[in-house]
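J.: Residue numbers (our numbering), protein chains in the order written: chain G, 31 to 482; chain D, 31 to 482; chain F, 31 to 482; chain H, 31 to 482. All C-beta atoms, glycine included, are put in the ideal place defined by N, C-alpha and C.
Protein chains: 4
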Amino acid sequence: MRPSSSPSDGLFSALLCHGPVAAEVDGAAWLRALLDTEAALARATASVGLVPHDAAQGVVDACADASAYDQSELGHSAALGGNPVIPLVRAIEERAGAGGAHVHHGATSQDVLDTAMMLVAARARAALSEVLRACVAAAAELAARHRDTVVSGRTLMQHAVPTTFGLKAVGWATALQGCADRLAAIQLPVQLGGAAGTLASYAGRGREVSSMMAADLGLASSPLPWHTARLPVADLAGALGTTAGAVSKTALDVVLLAQTEVGEVREGHAGAGGSSAMPHKRNPVAAVQARAAARRAPGLVATLLSCMEQEHERAAGAWHAEWVPLSDLLASTGTAAAWLRESLEALEVDVDRMRANLDDRASEAAAAPVAEAITPLLGRAGAHDLVAEAIRTARATGTSLRAVLLRLPDLSQVLTPERLDQLLEMTLDVGEAGSLVDDALRSLPSAATSAR
Amino acid sequence: MRPSSSPSDGLFSALLCHGPVAAEVDGAAWLRALLDTEAALARATASVGLVPHDAAQGVVDACADASAYDQSELGHSAALGGNPVIPLVRAIEERAGAGGAHVHHGATSQDVLDTAMMLVAARARAALSEVLRACVAAAAELAARHRDTVVSGRTLMQHAVPTTFGLKAVGWATALQGCADRLAAIQLPVQLGGAAGTLASYAGRGREVSSMMAADLGLASSPLPWHTARLPVADLAGALGTTAGAVSKTALDVVLLAQTEVGEVREGHAGAGGSSAMPHKRNPVAAVQARAAARRAPGLVATLLSCMEQEHERAAGAWHAEWVPLSDLLASTGTAAAWLRESLEALEVDVDRMRANLDDRASEAAAAPVAEAITPLLGRAGAHDLVAEAIRTARATGTSLRAVLLRLPDLSQVLTPERLDQLLEMTLDVGEAGSLVDDALRSLPSAATSAR
Amino acid sequence: MRPSSSPSDGLFSALLCHGPVAAEVDGAAWLRALLDTEAALARATASVGLVPHDAAQGVVDACADASAYDQSELGHSAALGGNPVIPLVRAIEERAGAGGAHVHHGATSQDVLDTAMMLVAARARAALSEVLRACVAAAAELAARHRDTVVSGRTLMQHAVPTTFGLKAVGWATALQGCADRLAAIQLPVQLGGAAGTLASYAGRGREVSSMMAADLGLASSPLPWHTARLPVADLAGALGTTAGAVSKTALDVVLLAQTEVGEVREGHAGAGGSSAMPHKRNPVAAVQARAAARRAPGLVATLLSCMEQEHERAAGAWHAEWVPLSDLLASTGTAAAWLRESLEALEVDVDRMRANLDDRASEAAAAPVAEAITPLLGRAGAHDLVAEAIRTARATGTSLRAVLLRLPDLSQVLTPERLDQLLEMTLDVGEAGSLVDDALRSLPSAATSAR
Amino acid sequence: MRPSSSPSDGLFSALLCHGPVAAEVDGAAWLRALLDTEAALARATASVGLVPHDAAQGVVDACADASAYDQSELGHSAALGGNPVIPLVRAIEERAGAGGAHVHHGATSQDVLDTAMMLVAARARAALSEVLRACVAAAAELAARHRDTVVSGRTLMQHAVPTTFGLKAVGWATALQGCADRLAAIQLPVQLGGAAGTLASYAGRGREVSSMMAADLGLASSPLPWHTARLPVADLAGALGTTAGAVSKTALDVVLLAQTEVGEVREGHAGAGGSSAMPHKRNPVAAVQARAAARRAPGLVATLLSCMEQEHERAAGAWHAEWVPLSDLLASTGTAAAWLRESLEALEVDVDRMRANLDDRASEAAAAPVAEAITPLLGRAGAHDLVAEAIRTARATGTSLRAVLLRLPDLSQVLTPERLDQLLEMTLDVGEAGSLVDDALRSLPSAATSAR
C-alpha cells in the first residue's frame with residue numbers, strides 16, 4: 031500500500047497489497063514513524079541538556095498516540111510547505127503543553143522524514159523477512175521431499191537433460207535466502223543534520239543526539255548526515271529489486287510447470303484460481319499474482335536510483351519523489367513474496383507426470399552422452415553433428431535413435447550395442463544433483479529447514 | 031491516487047495526488063467504470079437480441095449506483111480468482127433480479143477490466159487535458175506579456191547569448207500543447223472477445239455488440255480484440271511519459287530561475303513555500319512538487335512497456351501488473367501538471383533582475399559576434415581561439431574585453447573601434463525571438479490564448 | 031549498433047545487431063548525417079544570401095565524402111568541448127577552401143547534432159519499417175493459411191476454450207502493423223536556433239533557413255527551435271518501445287508454442303538452433319534472440335524520458351545522454367524485429383499437434399458452454415460452482431464429465447443427454463474467429479498481404 | 031563500451047567511453063575472459079583426472095593468445111546457435127591439437143559465458159575502484175583544504191543557513207567511498223553446472239572442478255550453480271546504479287556551483303569546456319559528461335533486474351539480454367566516474383565568491399536563530415510566522431531585518447539589541463561542520479587521504 035492510504039479498502043488491494051508488508055508502509059505506519067522520531071529527538075535532546083526533561087516528556091506523551099492526529103488534515107496542510115512534517119510539528123506543539131516550545135529541537139523537516147522513512151523501511155523489512163523465511167522453508171521442504179524426483183531440465187524452454195525437482199527447488203530456496211541475507215545486511219541509518227546538515231542548533235552535542243536517537247529507534251547511527259547522499263535508499267532499492275526478481279523467477283517456474291500440457295505442479299488452494307468464464311480452469315493464481323506484483327519492481331528501482339541526483343543540501347523534487355516509490359517497492363516486493371509463499375506452501379507436485387514427460391523424450395536425451403562418447407573418435411564438432419543428423423533421421427523415419435546409431439558403420443569401434451544401452455540408461459543420470467541438494471539445504475539457516 | 035484507495039486520506043496525498051486527475055483513477059472511479067461497462071454490455075446484448083430487454087434493464091439498474099457496492103469486500107474476494115470482476119459479477123447478479131442470469135453475457139473478466147481501464151483512462155485524460163490547457167494558457171500569457179523581456183540564454187547552465195523570457199515561455203507553452211495534442215490523439219478502444227478472444231458466445235453478433243458498447247461508452251471501436259496486444263496501454267504510457275517530461279522541463283526552469291543568486295522569478299502563492307527551520311525561505315514549492323511527481327513517470331512507463339510481453343490469450347501476471355502503474359502514471363502526470371499550473375499562474379517575473387544579471391556578463395557575451403566578425407580573417411577556429419584568449423586576458427588583468435581586443439594589432443583591419451562598439455551593442459540582439467513568439471502563440475489553440 | 035563503433039566486429043554483434051537497422055545508427059551513419067546537415071545549412075544560408083554561393087559549394091563538397099574524416103580523431107577531440115561537432119566543424123573548414131569561413135553559419139553544435147540525430151532516426155526508421163513490413167506479411171500469411179486451424183486458447187498459460195491459429199497470427203500482424211503506423215506518423219523535425227535559440231545570426235532569415243534545411247533533408251520543419259523541448263525524442267522512444275513490446279509478445283508466443291511438451295510450432299532454419307552440449311535440441315533461436323533484443327527497450331525508453339528534464343537553453347548532461355540510448359533503442363528494436371522476421375518467415379506449424387493437444391482437454395473445455403446453459407436455472411454463480419465441482423469429481427474418479435453431469439438430478443430439466451452432446455460438440459466452437467481474421471487481413475495495407 | 035566493439039573508434043567514444051573501465055568490457059576483453067575460462071576448465075578437469083594433462087595443456091596453449099581468434103567471424107557464427115561459445119569451442123578445438131577432444135569438458139555454453147561475464151565484471155570493477163579511489167582522494171583533498179570555508183547551504187536551491195565547503199566535499203567523498211565499499215563487497219562467482227545444472231558429466235567431481243576454477247580465476251566459488259538465479263548480476267546492477275547516482279549527485283553540485291550567477295567553482299582544465307558558437311563560455315564539461323554518462327544507469331539497472339525472471343534451467347532470451355546492458359552499465363558508470371575525477375582533481379574553488387554570495391543574504395539568514403530564540407515566548411509556530419512576516423516587511427520597505435525586529439514591542443523581553451546582534455553574528459555559525467569533516471576524513475581509507 032502506498033503511504034497515503036489505508037490498504038484495507040480498494041478493489042485491487044487484496045490482490046496487490048497482500049501479506050503483512052503493505053500495512054507497514056501505509057499512511058498510518060508513516061505517521062507512527064514520524065511521531066516516534068520526534069519523540070526520540072525529544073528524549074535525546076533532553077539527555078544532553080538541550081531541552082528540559084519535563085518538556086521532553088510532554089513531547090513524548092504527545093507523540094504516543096498516532097490516532098490523535100488527523101492524517102487527512104496533515105496531508106492537506108503539507109501541500110503548503112511541501113512536506114507533512116511542517117504541519118505535524120505544529121500539531122504536536124498543540125498537544126505537548128509546556129513541551130510545545132521544544133518540539134523538533136534544531137531539526138529540519140528532512141531529518142524527521144528521512145529518519146521516519148528508515149523506520150518504516152526497518153519495520154517493513156522485518157515483515158518481509160518473515161515472509162521470505164516462510165518461502166525459503168516451503169522451497170526447502172519441497173527440495174528435501176523431492177531430492178531424487180527426476181524431472182526434465184529445460185533450457186530455452188526445450189527439454190535438455192534430466193535434473194531433479196529437488197535441485198530446482200533448492201535453487202529457489204537458496205536464491206530467496208540470498209535475498210533475505212542481502213536485505214538483513216542493509217544499514218538503515220538515522221538522519222540528523224539541522225537546516226543545512228551542520229548540526230548548528232545543538233551546541234556541539236549534535237552527533238551525540240544523533241547517536242542516541244539511532245540507539246533509541248533501533249537504527250544505524252550515521253556520523254555524517256546523509257540528506258543528499260542517498261545510499262541507504264539505493265541500498266534498499268537494489269536489494270528489494272533483487273528480491274522481486276528472485277520471487278518472480280520462482281513464480282514463473284511454477285506457472286510454466288503448471289501449464290496444461292506440462293502439468294507437473296498445481297497450486298492446491300481450495301477455491302482459488304477459478305475463472306469467471308471457464309469453470310474447468312485451475313489457474314495458478316498465487317504465482318500469477320506474485321509475478322504481477324514483482325513486475326513493478328524494476329521501474330520503481332530505476333525511479334529511486336534516478337532520484338539520487340539531489341541538489342546541494344536538499345533536493346528540489348528528487349527527495350520528495352522518493353516517498354511513494356519506496357513505499358510501493360516495499361509493498362510490491364512484500365506482496366509478491368506473500369503470494370509466492372502461498373503458492374509454494376500448497377504446491378502439489380505430480381511426480382508421475384514429471385517422469386512421463388521425461389520418458390517421452392528420453393531416447394533423444396541420450397544425444398548428449400552419446401556425443402560425449404564418440405568425441406574421442408570424431409572430435410567435438412564431428413560428434414555433435416553426427417548425433418544431430420542421427421536424431422533427424424530417427425524423427426523422419428520413425429525409427430528409434432538406438433537403431434539409427436547402431437547402423438552407422440564408423441561408430442562400431444566405440445559404440446557397441448552394450449555401450450549404447452549403457453549410455454541410454456545414462457539418460458536419466460542426474461549427476462551430483464542429490465549432493466548439491468544436501469549441501470544447499472545444509473547451508474540454509476536452520477529456521478528455514480526446521481519445518482522438515 | 032492508486033486505484034485501491036481514496037485520495038482524500040493520507041499524509042502525502044495532497045502533495046502527491048494534487049489536482050483533478052487523481053480522483054479519476056481511484057478505487058471508486060474504477061468501480062464506476064466497471065459497472066458502466068457491464069451496463070453497456072447488457073444494453074448491447076439486448077439490442078442484438080441475445081438478452082431479454084427486461085433482464086438487461088435489471089442489469090443496467092443494478093449497475094447504476096456504485097455506492098451500493100463494497101469496494102473492500104470486492105477487493106477481498108478478488109484475491110481468490112485473481113481479479114475483481116469475478117466477485118463484482120456475482121454482486122451485480124444479486125442486485126439484478128431477473129436480470130441476474132444475463133449479467134456479463136459471453137464476456138470474460140479481461141473484457142470488462144480492459145474496457146473499464148480505457149474508460150478510466152478516458153475520464154482521467156479529460157481532466158488532465160483541462161489542467162494542461164490551463165498550463166498552456168498561463169505560459170502563453172507569460173510569453174505574450176514578456177515577448178520582449180531580455181533574459182540571458184543559458185547553455186550548460188552558463189550564460190550564453192541573450193534571449194527573451196517570452197521565447198522561453200512560449201517554448202514551454204508549445205511543448206505542453208504538443209503533449210495535449212498527443213494525448214488527445216490516442217485511441218482508447220473497447221475490448222470484447224470472450225474467453226479466448228473469438229466472440230464465441232455471441233451467436234455471430236459479437237462484433238456488433240463490441241461496436242455498440244464502444245459507441246455507448248464513448249470509446250473507440252476495436253474490430254479485433256486486443257487482449258494481449260497492448261498497444262493502447264503503451265500509447266498512453268508514451269504520451270503520459272512525454273507529458274511528465276515536458277512538465278518537468280518547465281518546472282526545472284522555474285526552480286533554476288528562482289535560485290537565490292538568480293532571482294528572476296518567484297512563485298507568488300501567499301503562505302506557501304515556507305520552511306519549518308528557516309522562516310526566511312521562499313521555496314518554489316509548486317515547481318518542486320511538479321518535478322517530484324513527474325519523476326515517477328519514466329519508471330512507470332518502463333513497467334508498462336515491459337508488461338507488453340503477454341502470453342497467448344491472457345497473460346499470467348503482466349496483465350494484472352498494468353492496473354496500478356497505469357493509474358499511478360495518470361495520477362502522477364496529472365499531479366505534476368496541476369502543480370505546474372499553480373506555479374505558472376502565479377509566477378512573478380522580475381524583469382529588472384533579468385536585465386541586471388545580463389549586464390554583469392554582457393561584455394563577455396560580445397564574444398560570439400566578435401568571433402563571427404573576424405572569422406573571414408582568421409577562419410572559424412582562429413577567431414574562436416583568439417577571442418577566448420582575449421577573454422582570459424581581460425579577466426586576469428581586470429581590463430575590459432573592448433580594450434584588450436583593440437590592442438591586438440592583427441585585428442585593426444576588420445575590427446575598428448566603431449565596428450567593435452557596434453558588435454558590443456549587438457550583445458543584446460535577440461534575433462528573431464519576437465517573431466518566433468508571435469508565430470508560436472498564433473499556432474496555439476485559441477482556448478489557450480483567449481485568456482490574454 | 032551503438033554509434034561509437036562498427037557493427038561488423040564483436041562477439042555479440044551478429045546476435046545483438048541483426049538486420050539492416052543497426053548499420054543506420056553506427057558511427058559512420060552519424061558522421062554522414064552530421065555532414066549532410068552542415069551541407070544543407072550551407073545550401074540554405076547561400077539561398078537566402080547569407081553566404082556566398084561559391085563558399086557554400088565549397089562546404090557542400092567538403093561534406094560529400096564521409097570517408098575523408100577520421101571518426102576516431104574526431105571522437106578524441108570531442109572530449110575537449112563536450113561534443114563532436116566542434117572538431118568536425120574545424121575539420122570541414124580545413125577541407126572547404128574558401129568556404130572554410132562560412133561553415134556552420136550561425137549555428138550551434140546542438141543545432142547540427144539534433145538535426146543529424148533526426149536524420150539518423152529517419153534513415154533507421156525507413157529500415158525498420160521494411161523489416162516490420164516483412165514481419166506483418168509473414169504473420170498475415172500464417173493467418174491466411176491457418177484461418178481455420180483450431181488451436182487451444184490459453185489464458186494464464188492454461189487451456190481455456192479453442193481459438194484458431196489464424197486468429198493468433200492475425201493478432202500478431204495487426205499489432206505489428208499498428209507499430210509501423212505509429213512510427214510512420216512521428217514527425218522528425220530539423221533543429222535550428224543558434225546559440226540560444228533566437229536565430230540571432232541569420233539577419234531575420236533564420237526561419238527560412240530552417241525550413242529550407244528541412245525540405246532539403248526530408249525532415250519536418252519546426253517553426254520553433256526545440257533544443258530543450260524534446261518531444262521528438264520522446265515520440266521516438268514511445269513508438270520504439272511499443273514496437274519492441276509487440277515484437278516481444280509475438281516472439282514469446284512462438285517460444286511457448288515451441289516448448290517440447292506443446293510442440294505446435296518449430297523454427298525451420300536449417301542448421302540454426304543447435305546446442306553445444308545437447309545435439310538433440312532444436313531451439314527457437316530467432317524468437318529467443320528477438321525477446322533478448324526487445325527486453326532492452328523499456329529501460330532505454332525510461333532513460334530517454336528521464337532526459338527530457340533539460341535545463342534552460344541547453345541541458346548540462348541530459349542532452350548528451352540521449353545519443354547512445356536512442357541509437358541503442360533503434361538498433362535493439364530493429365534487431366528484435368529482424369529476428370522475429372526470420373522466426374515467422376520459416377515457422378513450421380504442426381496442425382495435427384494443435385488438434386491433439388486440444389482433444390486431450392476437450393471434454394473439460396465443455397465447461398464454459400455447459401455453465402452458460404444452466405445459468406438460467408442456477409444463476410451464474412451457482413452454475414459456475416456446480417460445473418467446477420463436476421470437473422473435480424470427474425478428475426478424481428476417472429469418469430467422463432458427461433457421465434458426472436448426467437447423473438446430477440437437478441439438471442435433468444435443462445440438460446438432456448442430447449443437449450449435453452450438442453454442448454460438447456460446441457467445445458470446438460471458435461465463434462467469429464474466421465470473420466475476425468478476414469476483416470483484420472483486409473484492414474492491413476496491401477503490401478503486407480500481397481505475398482499471399 | 032559495449033562488448034561488440036572497440037572503444038577506440040567512433041564519434042562519441044571519447045566522450046561516452048572515458049577512462050580505464052570501458053576497455054575492460056569491450057569485445058576483446060570478453061574474448062579474453064572466455065578463453066581464460068576454457069583454460070581454467072581444462073586445468074581443473076585435468077587436476078581431477080577427467081582429462082589427460084597433455085590434452086589440457088593443449089587447450090590452455092590454444093587459449094593463451096586471444097589475438098589468434100577472429101571476433102568478427104565468431105560473432106557471425108554465434109548467430110546460428112544463439113551464443114558465441116559454440117563457435118569459440120570449435121575454434122579452440124582446431125588450435126588445441128590432441129587436446130581438441132577435451133575442450134569444454136562437460137560444460138554448457140552458459141557455464142563459460144557466465145563465468146567469463148563475472149571475470150569481465152571483476153576486471154572492470156578493479157579499474158572502476160581505482161577511478162573511484164581517485165575521486166575520493168580529490169574530494170577529500172578539497173574537504174581538508176576547505177574545512178573552514180564558509181559557503182551558503184542551499185535547500186530546494188534556495189539559500190538556507192551557512193555550511194562549509196569542506197562539509198559539502200566530505201559528503202561527496204564519503205558517499206563515493208561508500209560506493210567503492212559496496213562494489214568491493216560483491217561476490218562474483220564462477221558458474222559450472224553442465225547442460226542442466228547437475229554436473230552430470232564430471233563423474234562426481236564437478237563441485238571440485240568448480241572450486242578449482244574459482245581459485246584459478248580469482249572468482250568466488252559457488253557450491254550451487256546459479257544459471258537462472260541471477261543474484262550476482264543483480265548485485266552488480268544495484269551497486270553500479272548506486273555508484274552512478276553518487277557520481278551524478280556530486281557532478282550536479284559542481285555544475286550548480288559553476289553557474290554564471292553563482293561562480294563558486296570552475297573546472298580548471300586548460301583548453302576544455304569551450305563552445306563552438308560562444309568563445310567566452312567556460313563550461314564545466316567534465317561534470318556535464320559525468321552527469322550524461324551516469325544518467326544511463328537507472329534504465330540499465332531496470333533492464334538487468336527485469337532479466338532476473340528466467341525460465342527453468344536456462345532463460346529463453348532474458349539470459350542473452352544481460353550481456354550488453356551489463357557491459358554498458360559498467361562502462362557508463364566507469365565513464366561517469368572518470369569524468370568526475372577530472373572535474374574534481376582540477377576544481378578551482380572561489381572562496382571569496384562563496385563569502386560574497388553569502389553576505390548578500392546573511393541578514394535574512396538570521397531568521398532561523400532569531401526564530402529559535404523567540405520560540406519559548408511564542409511557540410514554534412508563532413515564532414516562525416512572526417519572523418517570516420518581519421522578513422516580508424523588511425523586503426517590502428527596504429529596511430534591515432534588524433530594524434524591523436527591534437521595532438516589534440512584544441519581543442523586547444527576549445530580544446534586546448545586544449542579543450539580536452549576537453544572533454546576527456550567529457548567522458555564520460556552521461555548527462559542528464569542522465568536527466564532522468575531521469571525523470569523516472578519518473573514517474576514509476588511508477589511501478584516499480594520503481595525497482594530502
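#1: Would you call Ser34 of chain G buried or exposed, if buried means 16 or more other Cβ atoms sit within 10 Å of its Cβ?
#2: Interface residues of chain H around Glu291 of chain D at Cβ under 7 Å?
#3: Using DSSP with H/G/I as helix, E/B as strand and the rest coil, what is Ala126 of chain D?
#4: From which residue to which residue does the beta strand (DSSP E) around Gln188 of chain G run?
#5: Does the pairing of the stretch 454-472 of chain F with the stretch 192-200 of chain F give three or more beta-carbon distances under 8 Å?
#6: Mark Arg422 of chain F as exposed unless 16 or more other C-beta atoms lie within 10 angstroms of its C-beta, in which case mark it buried.
#7: Taking the Cβ atom as the reference point for each residue, do Ala367 of chain D and Leu229 of chain D lie within a distance shorter than 7 Å?
#8: How big is the Cα-Cα spacing for Ser466 of chain H and Ala420 of chain H?
#9: Rounded to the nearest angstrom, what separates Ser231 of chain G and Ser240 of chain G at their Cα positions?
#10: Leaving out five residues on either side along the sequence, give the residues of the same chain with a beta carbon under 7 Å from the beta carbon of Thr272 of chain F.
#11: How far does the alpha helix (DSSP H) with Thr280 of chain F in it extend, from its first residue to its last?
#12: At least one CB of chain H closer than 7 Å to the CB of Ser336 of chain D: is that the case?
#13: What number of angstroms, rounded off, separates the C-alpha of Ser97 of chain F from the C-alpha of Ser107 of chain F?
#14: Just curious, the alpha helix (DSSP H) that Val434 of chain D is in, first and last residue?
#15: Report buried or exposed for Ala157 of chain D, applying the criterion of at least 16 other Cβ atoms within 10 angstroms of its Cβ.
#16: Comparing the C-beta of Ala276 of chain D with each C-beta of chain H, is any distance below 7 Å?
#17: Relative to the ligand FMN, is the shortest distance from any of its heavy atoms to the C-beta of Arg237 of chain H smaller than 6 Å?
#18: Check whether the stretch 315-331 of chain F and the stretch 273-283 of chain F are in contact - that is, three or more C-beta pairs closer than 8 Å.
#19: My output table needs one value for Glu462 of chain H: the three-state DSSP class, helix, strand or coil.
#20: Mind checking if Gly196 of chain F is an interface residue toward chain D, Cβ cutoff 7 Å exclusive?
#21: Is Ala63 of chain H near Leu149 of chain H, with beta carbons less than 7 Å apart?
#22: With a 10 Å radius around its C-beta and 16 neighbouring C-beta atoms as the bar for buried, classify Ala170 of chain D as buried or exposed.
#23: Once you ignore the five residues that flank Val444 of chain G on each side, which residues in its own chain have a CB closer than 6 Å to its CB?
T.: Taking the coordinates as given:
#1: In this prediction, Ser34 of chain G scores a pLDDT of 37, lower than 50, which makes its location untrustworthy; the coordinate-derived value is nonetheless stated afterwards. So Ser34 of chain G counts as buried.
#2: Around Glu291 of chain D, the beta-carbon contacts reaching into chain H at under 7 Å are Glu291, Val292 and Asn387.
#3: Per DSSP, reduced to three states, the secondary structure at Ala126 of chain D is coil, with no helix or strand assignment.
#4: DSSP places Gln188 of chain G in the uninterrupted beta strand (DSSP E) bounded by Gln188 to Thr194.
#5: With the cut-off at 8 Å, the stretch 454-472 of chain F and the stretch 192-200 of chain F touch.
#6: Under this definition Arg422 of chain F is an exposed residue.
#7: Not closer than 7 Å, so no.
#8: The identity of residue 466 of chain H in the sequence shown is Leu, whereas the question assumes Ser. The straight-line gap from Cα to Cα measures roughly 33 Å.
#9: Going from the Cα of Ser231 of chain G to the Cα of Ser240 of chain G covers about 13 Å.
#10: Scanning its chain for C-beta atoms nearer than 7 Å, with the 5 sequence neighbours on each side dropped, one finds around Thr272 of chain F the residues Cys209 and Arg212, in chain order.
#11: Following the DSSP letters along the chain, one finds Thr280 of chain F inside the alpha helix (DSSP H) bounded by residues Leu261 to Leu287.
#12: Interface residue (Cβ-Cβ distance to chain H less than 7 Å): Ser336 of chain D is classified as such.
#13: Taking the straight line joining both Cα atoms gives about 18 Å.
#14: Run containing Val434 of chain D: Leu431 to Arg437, per the alpha helix (DSSP H) assignment.
#15: Result: buried.
#16: No, because no Cβ of chain H sits closer than 7 Å to the Cβ of Ala276 of chain D.
#17: For the structure depicted, the ligand FMN is absent and the ligand set is empty, with no information on it obtainable.
#18: Judged by pairs of C-beta atoms under 8 Å, the stretch 315-331 of chain F touches the stretch 273-283 of chain F, as three or more such pairs exist.
#19: Glu462 of chain H: coil per DSSP, three-state reduction.
#20: Gly196 of chain F does not count as touching chain D.
#21: In contact: Ala63 of chain H and Leu149 of chain H (Cβ atoms closer than 7 Å).
#22: Buried is the call here.
#23: Excluding residues within five positions, the ones whose Cβ falls inside 6 Å are Ile404 and Leu407.
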